[in-house]
Amino acid sequence: MVYRRLVITAVAGLGLAPVSIAPTARAQALAKPARILVGFQPGGAPDIAARLIADQLKGYAPSIIVDNHPGAGGRLALEALKTADADGTVLCMTPGDQLTVFPHVYKTLKYDPLRDFVPVTTVCTAQFVFVVGPMVPARVATLADFIGWCRVNPKLATFGSPGAGTLPHFLGSGLAREAGVELVHLPYKGGAAAIQDLLAGQLPAAVFTLAAVLGPVQSGSLRVLATTAPKRSPLLAGIQTVREAGYPALEGLIWFGILVPARTPINIVATLNTMLRQVLQSEAVKAGLARQSLEVASSTPSEFAELLKSDTARWGELVNKSAFAPLE
0 MVYRRLVITA VAGLGLAPVS IAPTARAQAL AKPARILVGF QPGGAPDIAA
50 RLIADQLKGY APSIIVDNHP GAGGRLALEA LKTADADGTV LCMTPGDQLT
100 VFPHVYKTLK YDPLRDFVPV TTVCTAQFVF VVGPMVPARV ATLADFIGWC
150 RVNPKLATFG SPGAGTLPHF LGSGLAREAG VELVHLPYKG GAAAIQDLLA
200 GQLPAAVFTL AAVLGPVQSG SLRVLATTAP KRSPLLAGIQ TVREAGYPAL
250 EGLIWFGILV PARTPINIVA TLNTMLRQVL QSEAVKAGLA RQSLEVASST
300 PSEFAELLKS DTARWGELVN KSAFAPLE
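For the sequence shown, numbering that gives the first Met the number 0 begins at 0 and goes up steadily by one.
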């Protein structure tokens with residue numbers, strides 16, 4: 000922990016602004032190839048974000064590949080990062096859930112988010128949405144409408160999520176608790192099956208990131224009732240935020256971030272932070288992330304470390320209020 004604090008202190012002031020010289024114009028930082036671990040299948044938002052960065056991160060290593068480790072809700076990639084060489088050749092792109100929610104969800108984790116990794120930078124943020132399908136009448140256009148519909152149709156009052164113990168699960172159960180309505184959680188093994196059931200009229204509602212349901216929402220097949228973002232999204236200008244709907248406790252974004260193993264040298268963390276923050280300002284990366292309804296959000300290592308701590312405490316409170324029984 001002492002070393003980790005020294006790393007964060009040393010690099011905090013080194014990545015505050017993009018460097019003026021493009022990485023391609025100077026010698027490569029590493030002599031060996033590098034890889035970015037991703038705990039999900041190719042094609043999902045974390046994978047796409049990692050590939051956008053790998054394509055643009057010139058000058059860091061001779062080559063950079065994205066190495067997918069799907070399974071266990073994204074934990075396998077972080078487990079692999081923990082035991083990887085701490086020489087800057089192995090990075091991990093991960094959503095925040097695996098670092099800030101999972102410590103409250105699992106009895107034991109094979110990694111300690113605050114001890115086993117050095118945070119390099121946040122990459123982007125995504126908003127969650129409360130979404131309904133054709134099972135729910137078209138007149139239901141807001142969270143208040145949906146709560147009213149649930150009271151009248153208690154046997155249909157269910158919502159889906161990508162899985163038990165995920166942040167969408169706790170946002171949905173939090174809505175039920177805050178609204179004082181029975182709302183049964185139906186966990187799925189990933190989002191694809193839940194979206195199919197939504198579209199088929201077999202599931203009334205679900206909580207997802209906007210990126211996961213953007214296509215069906217834009218086509219009108221699914222309807223968003225509210226977003227967890229602190230302000231209305233340009234993609235959903237007519238849709239209330241949860242704060243506007245009367246549920247400020249459910250407000251929040253999920254972020255993606257890049258970490259390296261503990262004991263990674265200070266100079267490598269500093270160089271990587273500077274390069275990544277410049278890459279995140281490139282038009283190619285910003286446009287690619289925007290197509291996934293993701294918004295660029297970079298940070299210094301110290302800012303990222305503070306975010307880890309604050310979100311771990313905040314989401315832990317949401318999990319504890321749900322009376323969720325920890326998983327093995």
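Beta carbons are placed, not taken as given, at the ideal position from N, Cα and C, and that holds for glycine.
### Query
Taking DSSP as the reference, what is the three-state secondary structure of residue 126?
The answer is strand: DSSP assigns residue 126 an E or B state.
### Among 183, 119, 166 and 114, nearest to residue 146 - alpha-carbon criterion
A check of alpha carbon separations from residue 146 across 183, 119, 166 and 114 identifies 183 as the nearest.
### Query
When DSSP labels each residue in this structure, what does residue 226 get in the three-state scheme?
The DSSP-derived three-state label of residue 226 is strand.
### Task
Report the rounded CA-to-CA distance for residue 313 versus residue 30, giving the unit in angstroms.
Counting only the Cα atoms, residue 30 lies some 40 Å from residue 313.
### residue 112 in three-state terms, based on DSSP
Coil at residue 112, not helix or strand.
### Query
Closest to residue 150 by CA distance: which of 159, 162, 135 and 161 is it?
Comparing alpha-carbon positions, the option among 159, 162, 135 and 161 lying closest to residue 150 turns out to be 135.
### Task
Using 10 angstroms around the beta-carbon of residue 52, count the other beta-carbons present and answer buried if the total reaches 16, otherwise exposed.
Residue 52 should be labelled buried.
### Task
In the DSSP assignment, find the unbroken alpha helix (DSSP H) run with residue 48 in it and report its ends.
For residue 48, the enclosing alpha helix (DSSP H) stretches over residues 44 to 55.
### Task
Measure the Cβ-Cβ separation of residue 300 and residue 118 and say whether it is below 7 Å.
In terms of Cβ geometry, residue 300 and residue 118 form a close pair [threshold 7 Å].
### Query
Between residue 70 and the ligand SAM, is the CB less than 6 Å from at least one heavy atom?
Absent from the structure shown: the ligand SAM. Ligands present: none.
### Task
Just tell me which of 34, 44, 276 and 79 has its CA closest to the CA of residue 61.
Nearest C-alpha to residue 61 among 34, 44, 276 and 79: 34.
### Task
In angstroms with no decimal places, state the Cα-to-Cα distance between residue 83 and residue 203.
Put simply, the backbone Cα of residue 83 is about 43 Å away from that of residue 203.
### Message
Buried or exposed for residue 50, going by 16 or more other Cβ atoms inside 10 Å?
### Response
By the 10 Å Cβ count, residue 50 comes out buried.
### Task
Measure the alpha-carbon distance for residue 171 versus residue 101 and round it to whole angstroms.
Their backbone Cα atoms lie some 17 Å apart in a straight line.
### Query
Between the stretch 147 to 166 and the stretch 212 to 221, do three or more beta carbon pairs fall short of 8 Å?
Flag = no, the stretch 147 to 166 and the stretch 212 to 221 do not touch.
### Task
Below 6 Å CB to CB, which residues in the same chain sit around residue 166 once its five sequence neighbours on both sides are set aside?
The beta carbon of residue 166 sits closer than 6 Å to those of 96 and 100, all from its chain and outside the five residues before and after it, given in chain order.
### Query
Are three or more beta carbon pairs between the stretch 277 to 292 and the stretch 60 to 78 nearer than 8 Å?
Because the criterion of three Cβ pairs below 8 Å is not met, the stretch 277 to 292 and the stretch 60 to 78 do not touch.
#### Entry: Where residue 34 sits in the DSSP three-state scheme
Looking at residue 34 - three-state DSSP - the assignment turns out to be strand.
### Of the residues 227, 304 and 296, the one placed nearest residue 261, counting alpha carbons only
Measuring from the Cα of residue 261, the nearest candidate turns out to be 304.
### Local conformation of residue 67 per DSSP, three classes
In the structure shown, residue 67 sits in a strand (DSSP, three-state: E or B).
### Task
Check residue 61 in the structure and name its three-state DSSP category.
Judged by DSSP in its simplified three-state form, residue 61 adopts coil rather than helix or strand.
### Short Cβ contact (7 Å threshold) for residue 67 with residue 41
If you check the CB distance, residue 67 and residue 41 come in under 7 Å.
### Straight-line Cα distance separating residue 28 from residue 230
Residue 28 has its alpha-carbon roughly 39 Å from the corresponding atom of residue 230.
### Message
I'd like to know if the stretch 174 to 192 and the stretch 272 to 287 are in contact, where contact means that at least 3 CB-CB pairs between them fall below 8 Å.
### Response
Inter-segment contact for the stretch 174 to 192 and the stretch 272 to 287 is absent: fewer than three beta-carbon pairs are separated by less than 8 Å.
### Task
With a threshold of 16 other CB atoms inside 10 Å of the CB of residue 46, please say whether the residue is buried or exposed.
Classified as buried, residue 46 has 16 or more neighbouring CB atoms from the shown chains inside 10 Å of its CB.
### Close-in-space but distant-in-sequence residues of the same chain around residue 22 (CB under 6 Å, 5 per side omitted)
Here the model assigns residue 22 a pLDDT of 40, short of 50, so the residue's position is not dependable, and the following value carries that caveat. These residues qualify, in order along the chain: 57, 58 and 274.
### Message
Can you tell me whether residue 153 is helix, strand or coil according to DSSP?
### Response
It is helical.
### Query
How many Å lie between residue 257 and residue 207 at the Cα?
Answer to the nearest angstrom: the Cα atoms are 22 Å apart.
### Message
What does the alpha-carbon distance come out to for the pair residue 212 and residue 302?
### Response
Between residue 212 and residue 302, the alpha-carbon positions lie close to 30 Å from each other.
### Query
What three-state label does DSSP hand residue 238 in the structure shown?
Coil.
### Message
Quick check: what's the CA-CA separation for residue 142 versus residue 160?
### Response
Distance between the alpha carbons of residue 142 and residue 160: 17 Å.
### Task
Assign residue 36 to one of two classes, buried (16 or more other C-beta atoms within 10 Å of its C-beta) or exposed (fewer than that).
In the assembly as shown, residue 36 is a buried residue. Its beta-carbon has 16 or more other beta-carbons within 10 Å.
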